[in-house]
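Trainee: Residue numbers (the working numbering), protein chains in the order written: chain X, 1 to 117; chain W, 1 to 900. Idealized CB from N, CA, C, for every residue including glycine.
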Amino acid sequence: MENPGLDLVRGTLDLLILKTLTWGPMHGYSIAAAIHRSSGAALLVEEGALYPALYRMEAKGWIEAEWGLSENKRRAKYYRLTPEGRRHFHQEEKTWNAYSAAVARLLGQKAARSTIS
Amino acid sequence: MKREAAWRRYLRFWGPSAEDDVDDEFRFHLETRIQELRAHGLSAEAARREALRQFGPVAAARAECVAISRNRERRVSWIDYLNGWAGDLRYAVRVLRRAKASTAAAILILAVGIGATTALFTVVDRVLYRPLPVPRPSELALVSHWSPSPNGTHLGVTFTDAGYAWLRDHNAVFTGLAAETIFNARERRAHEKIERPARAVMVSENFFDVLGVRPLAGRGLARGEDRAHVAVAGYRFAARRYEEPADAVGKTVYLNDLTFTIVGVMPPGFYGTQKGYDPDLYVPLGCTQELIGATDLGVYLRPIGRLRPGVDRARAESNLQILWKQFEATGPASDPKGDRISCDSGARGYDTTGEQRRRSLGLLGGIVVLLLLIACANVACLLIARGAARQHETAIRLSLGGGRLRILRQPAVESLILALAGGAGALLVAHGAAGLLLAGFHWDKRPIAYGLHLSAAGIAVETAVDGRVLAFAVGLSIASAVLFGLAPAVQLLRGGRVPLHRGPSLAPFAPGKVLVVLEVALSLVLVAGAAVFVRSFQNLLAVPTGFVAEHVSVVRLVRNTDDEAPTPPAREAALLADSLRGARGVEAAGLSNLLMFNDGYTLMSLRLPVAQQITSAHVVSIGRGYFETLRIALIAGRDLTERDAAPLGRVAVITESLAHKLFPGQIPLGKHILLGRAVRDPKPGDETEVVGVVKDTKFTSVAQPAPDVVYIPLLQGETHSAGIVLEIRSPLDPPAVGAMAAARIRAAHLPLAVQSVTALADEIGASLADDSIRMQASSLFGGLALALIASGIYGLIAYSVARRTREIGIRMAVGSRPSAIVGLVVRESLGLVAVGVALGIPGAVAVMRAVSGMVFGLPPVDYPSLAIAAALLAVAGLAASAGPAWRAAHLDPMKALRVQ
Chain X
1 MENPGLDLVR GTLDLLILKT LTWGPMHGYS IAAAIHRSSG AALLVEEGAL
51 YPALYRMEAK GWIEAEWGLS ENKRRAKYYR LTPEGRRHFH QEEKTWNAYS
101 AAVARLLGQK AARSTIS
Chain W
1 MKREAAWRRY LRFWGPSAED DVDDEFRFHL ETRIQELRAH GLSAEAARRE
51 ALRQFGPVAA ARAECVAISR NRERRVSWID YLNGWAGDLR YAVRVLRRAK
101 ASTAAAILIL AVGIGATTAL FTVVDRVLYR PLPVPRPSEL ALVSHWSPSP
151 NGTHLGVTFT DAGYAWLRDH NAVFTGLAAE TIFNARERRA HEKIERPARA
201 VMVSENFFDV LGVRPLAGRG LARGEDRAHV AVAGYRFAAR RYEEPADAVG
251 KTVYLNDLTF TIVGVMPPGF YGTQKGYDPD LYVPLGCTQE LIGATDLGVY
301 LRPIGRLRPG VDRARAESNL QILWKQFEAT GPASDPKGDR ISCDSGARGY
351 DTTGEQRRRS LGLLGGIVVL LLLIACANVA CLLIARGAAR QHETAIRLSL
401 GGGRLRILRQ PAVESLILAL AGGAGALLVA HGAAGLLLAG FHWDKRPIAY
451 GLHLSAAGIA VETAVDGRVL AFAVGLSIAS AVLFGLAPAV QLLRGGRVPL
501 HRGPSLAPFA PGKVLVVLEV ALSLVLVAGA AVFVRSFQNL LAVPTGFVAE
551 HVSVVRLVRN TDDEAPTPPA REAALLADSL RGARGVEAAG LSNLLMFNDG
601 YTLMSLRLPV AQQITSAHVV SIGRGYFETL RIALIAGRDL TERDAAPLGR
651 VAVITESLAH KLFPGQIPLG KHILLGRAVR DPKPGDETEV VGVVKDTKFT
701 SVAQPAPDVV YIPLLQGETH SAGIVLEIRS PLDPPAVGAM AAARIRAAHL
751 PLAVQSVTAL ADEIGASLAD DSIRMQASSL FGGLALALIA SGIYGLIAYS
801 VARRTREIGI RMAVGSRPSA IVGLVVRESL GLVAVGVALG IPGAVAVMRA
851 VSGMVFGLPP VDYPSLAIAA ALLAVAGLAA SAGPAWRAAH LDPMKALRVQ
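#1: Round the Cβ separation of Leu594/W and Val620/W to the nearest angstrom and send it over; I've been treating them as touching at under 8 Å.
#2: Can you tell me whether Arg56/X is helix, strand or coil according to DSSP?
#3: Shorter than 7 Å from the beta carbon of Tyr79/X to some beta carbon of chain W?
#4: Can you list, in chain order, the residues of its chain whose CB lies under 7 Å from that of Glu414/W, leaving out five sequence neighbours each side?
#5: Which of the three DSSP states is assigned to Met202/W in this structure?
#6: What span of residues does the beta strand (DSSP E) with Phe260/W cover, start to end?
#7: Determine which residues of the region 306 to 324 of chain W have a Cβ less than 9 Å from any Cβ of chain X, and write them out in chain order.
#8: Kindly confirm or deny that the region 604 to 624 of chain W and the region 756 to 774 of chain W touch, where touching means at least three C-beta pairs closer than 8 Å.
#9: Please check if any C-beta of chain X sits within less than 7 Å of the C-beta of Cys376/W.
#10: Shortest alpha-carbon distance to Leu634/W belongs to which of Gly115/W, Tyr711/W, Leu760/W?
#11: Ala46/W touches chain X at which residues, Cβ-Cβ below 7 Å?
#12: Check the Cβ of Ala61/W against every Cβ in chain X and list those closer than 8 Å, keeping chain order.
#13: Could you give the first and the last residue of the continuous alpha helix (DSSP H) run that contains Leu662/W?
#14: Could you tell me which residues DSSP puts in a beta bridge with Cys343/W?
#15: Quick one: grab the DSSP three-state call for Arg308/W.
#16: Count the other C-beta atoms from every protein chain shown that fall within 10 angstroms of the C-beta of Arg502/W, then say buried if there are 16 or more, exposed otherwise.
#17: Could you say which of Ala753/W, Ala67/W, Arg130/W lies nearest to Arg468/W if we only look at CA atoms?
#18: How big is the Cα-Cα spacing for Ala61/W and Arg70/W?
#19: Would you give the residue range spanned by the beta strand (DSSP E) that Pro818/W belongs to?
#20: Could you list which residues in chain W have their beta carbon closer than 9 Å to that of Gly28/X, in chain order?
#21: Closer than 9 Å between beta carbons: that is the criterion. Which residues of the region 67 to 86 of chain W meet it against chain X?
#22: Tell me the rounded alpha-carbon separation between Leu16/X and Val58/W.
#23: According to DSSP, is Lys911/W part of a helix, a strand, or is it coil?
#24: Can you tell me which of Glu727/W, Ile107/W, Tyr254/W puts its alpha carbon nearest to the alpha carbon of Leu416/W?
#25: Considering just the uninterrupted stretch of the alpha helix (DSSP H) at Asn184/W, what are its terminal residues?
#26: In chain order, what residues of the same chain have a beta carbon less than 8 Å from the beta carbon of Leu786/W, not counting five sequence neighbours either side?
#27: In this structure, how does DSSP classify Arg912/W when only helix, strand and coil are distinguished?
#28: Taking the CB atoms as reference points, tell me whether Asn378/W and Gly792/W lie closer together than 7 Å.
#29: Check whether chain W comes within 7 Å of Ala76/X, counting only Cβ atoms and requiring the distance to be less than that.
#30: Do Val76/W and Val22/W have their beta-carbon atoms positioned less than 7 Å apart in this structure?
#31: Gly56/W touches chain X at which residues, Cβ-Cβ below 7 Å?
#32: Taking only heavy atoms of the ligand HEM into account, decide whether any of them is closer than 6 Å to the Cβ of Val690/W.
#33: Leaving out five residues on either side along the sequence, give the residues of the same chain with a beta carbon under 8 Å from the beta carbon of Trp67/X.
#34: Could you give the uninterrupted runs of the beta strand (DSSP E) lying entirely in the region 659 to 723 of chain W, keeping only those of 3 residues or more?
#35: Using a 10 Å radius around the Cβ and a threshold of 16 neighbouring Cβ atoms, would you call Ile614/W buried or exposed?
#36: Is the CB of Ala34/X under 7 Å away from at least one CB in chain W?
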């Protein structure tokens, strides 16, 4: 099965996880599923990479974890945003938007120039 | 939510690992995915493979998660741990502040105990172990010169100027080789009549360069100044003699009547190369001849060098040895004698601490360690008494599952706070005590001279608290915290066995009793030791000296002219003595060339003209009135007078025991002896006639037996002393006598100057300085031990009375008389003392044996001292129980019975 989507840059994954968690507490599996779903399956998360990112962010205090019961009545670890994580997410989101806008503008110009020549 | 997670982790700190958590999480993820895939119709095996594929490398992710998790847990547990400490700290401070009295008592006791130990450490450190205050002291090497002696050993000999110069100029191992020699000079300023003794060091011009010390003000010695009349002042000297130390630069001083210009002042704390000496003035070595008037007379030249980088002392020694062989070969008429050159570490400078002083320090060390142990036991008692009230609380905590370590940490924190507070107080105590100890330690066996501020000069070592002392005090505080915190901790853990339903009650206080008994045993050792030294000192004072020292003033006279007269001003002093005799307030006046005990002595060979056997005796030159003034009894013959001058034939007065030795069974008067040089090569007229016999007197020390003494007329023979001692028996105090003598000198225009005025009794006292210090120090520490033991017993008995309030109430209710209650309490206290004394006797006996070499006139085991010590402890026990006993006897039975 060939890779249908874009590889995720590290850091971008953090942003996606934080974004996903703004909807509410979730366990690792549902975070992976949500990213997959909401990106229209365009972004491929290698699910194994999700967990170290979660642990790192927990250590940084952006998210916190708690064991709870899942929908299928199993013990699962739930993650939720901390106030600090929320602040961090908003800041990162702004940076990302500015960055992606700049990249988009750049790409757009280049495309325009190439049509002229 | 976060806190719960942290708490769960804390619980699991020793248990399940982070791996399990990660595994749980991964398993949940994979199983959920597999379930979902199977719901989409995949086979079990295909679903599993697909789930794993989507997950990616499991092992790598797992390792990473575990690592992060571990790190985090460690941090969390640390924070939790520190939070626990902070909580304990707050709690301990609150507890300590609530019990103000016992906290203050504990801190005070610790301050004394740790302070005394720290003070002693300060002294030992300064006197024995501290390196010289110069840059890189470990590079310094002391060079000494040893000559083989007939009995196979080597004797230390001095370097000649040429020998030193040879080593200095030819060695390849030192960056510089300096040399110095110490001498005691007379110092005065222009227009001053009174000279003061000055500690001087003659140093080579590179001395300060080799040591690497720069002056505080002015400059050091410059090249080519080896014979210049310049001097560098020590800081203390400059501070003592001038308004501002730096003012000394450019001033002129007279040293042995030669003028020297002060060119620099050394920084405070610099004391040359010999601990405790602290020179007043450093003068160029080339001035030796001018200053002392002789080349080799008592000049002990000692070189000190700074090793080149990478050269060790062994290499330096072999290099110098080879050089010395060459020097002996080239030297003028010096035959090679197999001399040795050795290099010793100069990091600590010259060590002049005698064996006696080292032993005294060792003794003091033992005393203060005992004192510290007693102090710790005392504080432990206090803490236990307080801890007893908390047993209930501990029992509850233990039953709730509190960890033992965790519960013990709290009292440990409390102990540590107490110890550190005590340690802080100890630094104050140590500062004062170290000053006192050092003052005693550097007492240079000279009484304090009236009108001269010698005493300030006596203390030559700084006592400021510094890093080493601070570290020692802190270390000691922590060690004592462990010591005194141990017993309460054990007791706290035992608290777990106290049944909860009993409620808060005061338990019997067994550990406290054990500690107090131990304390008494240790105190007995200290108090008995103090008693031994006090009794020894009394014995020394009671020893008959053969003369009466009371009301005798000692005036030391020197010549007051610029000419370098080789003889002492004997005739001038005799004129002065004559003019003083009969003056109001003067009962008698005598003269001598030296005074017993502190002036040193002259030993001369002695034999009878008819016999070949040579003995020796002390020789004192005296003038008229010496025996009368000191009340030395004349047994036979006559006193010496000013008319006994050499041309009329030599005469002498000898002591009783010498007369018995020389002329057993004969009348010594009219007999002849040969003295000094005449013993080997008698010429006609050299024979000395014995014209009188006097009682024996103590001479160099009160503790030593009276030696043989020959008294010869002051005007008859040559004497080696520079001054004359005038003894005056008078009810006036010494300064008044000195002023009178000075007035007579001025009135009669005599070429004399008063060097110092002292009381004869003080001179003897000064000769007992070591014994006096031992007595004072041991009494001080013995007294402290008594105070500590009294407070310890008081605490214990007061606690015991409080615990037995109900019992006492019952006793009183059934008709016990107050006196019986008092007896009950006092008996408890005295019982403890009795057991402690019995336990302490072997230790006390061992200590007595150990110090028997330092005491005078007592058997190795002095039972009266033991009895005195036991009695003092009993009195302390009585005094300590008096308060609680009174309180117990005045209890209101009705109230007492209501006490739980």
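Mentor: For this structure:
#1: Leu594/W to Val620/W, Cβ: 6 Å. Contact.
#2: DSSP, reduced to helix, strand and coil, places Arg56/X within a helical segment of the structure shown.
#3: No, because no Cβ of chain W sits closer than 7 Å to the Cβ of Tyr79/X.
#4: Cβ neighbours of Glu414/W within its own chain (closer than 7 Å, five residues either side excluded): Ala92, Val95, Leu96.
#5: Correct three-state label for Met202/W: strand.
#6: Element bounds for Phe260/W: 258 to 265.
#7: Residues: none.
#8: The answer is no - the region 756 to 774 of chain W does not touch the region 604 to 624 of chain W, with fewer than three Cβ pairs under 8 Å.
#9: Using a CB distance cut-off of 7 Å, Cys376/W does not count as an interface residue toward chain X.
#10: The candidate whose alpha carbon is nearest that of Leu634/W is Tyr711/W.
#11: Here the premise fails: no neighbours, minimum Cβ distance about 13 Å.
#12: In chain order: Gly48, Ala49, Tyr51, Pro52.
#13: For Leu662/W, the enclosing alpha helix (DSSP H) begins and ends at 656 to 662.
#14: When beta bridges are read from the DSSP output, Cys343/W appears opposite Val143/W.
#15: When secondary structure is reduced to three states using DSSP, Arg308/W falls in the coil class, being assigned neither helix nor strand.
#16: Residue placement at Arg502/W is poorly supported in this model, since its pLDDT is 47, which falls under 50; the coordinates still yield a value, given next. Its Cβ having fewer than 16 others within 10 Å, Arg502/W is exposed.
#17: Measuring from the Cα of Arg468/W, the nearest candidate turns out to be Arg130/W.
#18: Those two C-alpha atoms are separated by around 14 Å.
#19: From DSSP, Pro818/W is part of no beta strand (DSSP E) but of the alpha helix (DSSP H) over 818 to 851.
#20: Neighbourhood of Gly28/X in chain W, by CB distance below 9 Å: Glu25, Phe26, Phe28, His29, in chain order.
#21: Answer set for the region 67 to 86 of chain W: Ala67, Ile68, Ser69, Asn71, Arg72, Arg75.
#22: Using only the alpha carbons, I get a separation of about 21 Å.
#23: In the structure as shown, chain W begins at 1 and stops at 900. Residue 911/W is therefore absent and cannot be evaluated.
#24: Per the Cα distances, Ile107/W.
#25: Run containing Asn184/W: none in the alpha helix (DSSP H); it sits in the beta strand (DSSP E), 174 to 189.
#26: Within the same chain, and ignoring the five residues on either side of Leu786/W in sequence, the residues whose Cβ sits closer than 8 Å to its Cβ are Ser523, Val527, Leu872, Leu873, Ala876.
#27: Lying before the first or after the last residue shown, residue 912/W is absent from chain W, which here runs from 1 to 900.
#28: By the CB criterion at 7 Å, Asn378/W and Gly792/W fall inside the cutoff.
#29: So, interface residue.
#30: No; because the gap between Cβ atoms is not below 7 Å, this pair is not in contact.
#31: Result: Glu46, Glu47, Gly48, Ala49.
#32: Annotation note on the ligand HEM: not contained in the displayed structure, which lists no ligands.
#33: Only residues of its own chain outside the window of five on either side were considered, and among them Arg75, Ala76, Lys77, Tyr78 have a CB closer than 8 Å to the CB of Trp67/X, listed in chain order.
#34: The qualifying runs are 672 to 675, 688 to 694, 709 to 713.
#35: The Cβ neighbour count for Ile614/W, taken over all protein chains shown within 10 Å, is under 16; the residue is labelled exposed.
#36: No, Ala34/X lies away from the interface with chain W (no Cβ there is under 7 Å from its Cβ).
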